[in-house]
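Heads up, the sequence shown is in the numbering used here, so the first residue is 1 and it goes up one at a time. Reading through the structure tokens given below for one structure.
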Amino acid sequence: MARARAGDPGNLWVTARRQLQGRGRRGRPWVSEEGNLYASLLLVDPAPSARLGTLPLVAAVAVYRALKPLFVRTPQALAIKWPNDILVDGRKINGILLESESLPGGRMAVVVGCGVNCRHHPDNPAYPATDLSDCGVELEPKDLFVSLAHAMAGTLAEWNRGDGFAEIRETWLRGARGIGERVAVNLHEGQVTGVFEDIDTDGYLCLLTEDGARRRISAGDLFFTQPAGPVQ
1 MARARAGDPG NLWVTARRQL QGRGRRGRPW VSEEGNLYAS LLLVDPAPSA
51 RLGTLPLVAA VAVYRALKPL FVRTPQALAI KWPNDILVDG RKINGILLES
101 ESLPGGRMAV VVGCGVNCRH HPDNPAYPAT DLSDCGVELE PKDLFVSLAH
151 AMAGTLAEWN RGDGFAEIRE TWLRGARGIG ERVAVNLHEG QVTGVFEDID
201 TDGYLCLLTE DGARRRISAG DLFFTQPAGP VQ
């Protein structure tokens, strides 16, 4: 963000071999050991504010596209978990975190942080994780970054400041796990369960709750309540 405050026009990637003072969700401190991919993209005024809510799904599609060529023999292993986690055989292999800040003159800066587990993964009892090496894929982080940067540029161009989200949404849905299944979503105010029906044109999760109501959810931690089936 310091670059944006200093007037950087954006489209700037910053990578790291290791993170000692990273921030996770809700500001949690995060330490990332060497061997994985850690990259952040600075965007300045990437879209009108009303459309920025779809950007996390855009980032997910970009990472999904970067990883897909690595799983040509087992494409069904790769899936997207709402809103922007990538799963391999049901285990999380990446992390995406977006941070935004208003700049002078009405501009908006957004940092899209992307991490992909290449050689090791955290021991997270809340959700199983994996890494490329565990999946039989040996790839240097710098080589994966080339694929990610290319996929991100193409996906952002397709998104077209939000005007092209319909196409991004279709790609997201084709790769998604859990559509039509019962899920649980942890929110600030507690957990809600129901059937994951869709994502809407704003990128919100559309949930048919246990009492028959339909609820739009903008953010939360999603958990599957039934075993994974093959991804089409």
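Beta carbons are placed, not taken as given, at the ideal position from N, Cα and C, and that holds for glycine. This structure is a prediction, so every number in the text was calculated from the model and none was measured.
Would DSSP call residue i helix, strand or coil?
i, result
"Gln76", "helix"
"Leu12", "strand"
"Arg169", "helix"
"Met108", "strand"
"Asp198", "strand"
"Asp123", "coil"
"Tyr204", "coil"
"Asp134", "coil"
"Glu33", "coil"
"Gly154", "helix"
"Ser100", "strand"
"Leu43", "strand"
"Leu139", "coil"
"Arg91", "strand"
"Asn186", "strand"
"Gly164", "coil"
"Phe71", "helix"
Could you check the C-alpha separation between residue i and residue j for me, to the nearest Å?
i, j, result
"Asp143", "Ala62", "15 angstroms"
"Gly154", "Leu57", "14 angstroms"
"Asn160", "Pro46", "9 angstroms"
"Phe224", "Leu148", "27 angstroms"
"Asn84", "Gly105", "30 angstroms"
"Gly203", "Leu97", "16 angstroms"
"Ala59", "Glu181", "24 angstroms"
"Gly194", "Glu210", "5 angstroms"
"Leu208", "Gly35", "41 angstroms"
"Ala2", "Tyr38", "18 angstroms"
"Val146", "Ala166", "26 angstroms"
"Val137", "Leu70", "7 angstroms"
"Met152", "Ser49", "20 angstroms"
"Glu162", "Gln226", "It should be pointed out that residue 162 corresponds to Gly in this sequence rather than to Glu. Using only the alpha carbons, I get a separation of about 33 angstroms."
"Ile80", "Ile93", "10 angstroms"
"Arg91", "Leu222", "13 angstroms"
Since residue i sits in a beta bridge, which residues does DSSP pair it with?
i, result
"Ile259", "With the chain represented from 1 up to 232, any question about residue 259 goes unanswered, as that position is not in the structure."
"Asp85", "Lys81"
"Ala129", "Lys92"
"Cys118", "Its beta-bridge partners do not exist; DSSP assigns none."
For chain C, find out if any of its Cβ atoms is closer than 8 angstroms to the Cβ of residue i; answer yes or no.
i, result
"Arg119", "Among the chains in the structure shown there is no chain C, since it carries only a single protein chain."
Between which two residues does the beta strand (DSSP E) harbouring residue i extend?
i, result
"Leu222", "221-224"
Starting from residue i, trace the alpha helix (DSSP H) both ways and give me its first and last residue.
i, result
"Arg216", "Per DSSP, Arg216 belongs to no alpha helix (DSSP H); it is in the beta strand (DSSP E), 214-217."
"Ala66", "55-67"
"Arg3", "2-5"
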